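Beneath this line is the structure, given in structure tokens, with notes to follow.
In this note's numbering, the protein residues as written are 2 to 47.
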């Protein structure tokens, strides 16, 4: 089972990232974090 969450940062980074996609593997408890500039980049990242 994999959990995904899209987090909006209150501050835009110097590189222009405002959103972060967090993915968690329920079995291994391994997590990934992907910085995103737009919400629409989520489907491209997954």
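Even for Gly, the Cβ is constructed at its ideal location relative to N, Cα and C. Quick caveat, the model's predicted, so the values are computed rather than measured.
Cα-Cα separation, residue i to residue j
i, j, result
"residue 5", "residue 15", "25 Å"
"residue 19", "residue 45", "16 Å"
"residue 28", "residue 3", "8 Å"
"residue 35", "residue 42", "10 Å"
DSSP bridge partner residues for residue i (one or two, in chain order)
i, result
"residue 42", "Bridge partners of residue 42: none, in fact."
"residue 9", "20"
Coil, strand or helix - residue i by DSSP
i, result
"residue 21", "strand"
"residue 35", "strand"
"residue 47", "coil"
"residue 4", "strand"
Proximity below 8 Å, CB of residue i to CB of residue j
i, j, result
"residue 8", "residue 21", "yes"
Local Cβ density within 10 Å of residue i, reported as buried at 16 or more and exposed below that
i, result
"residue 37", "buried"
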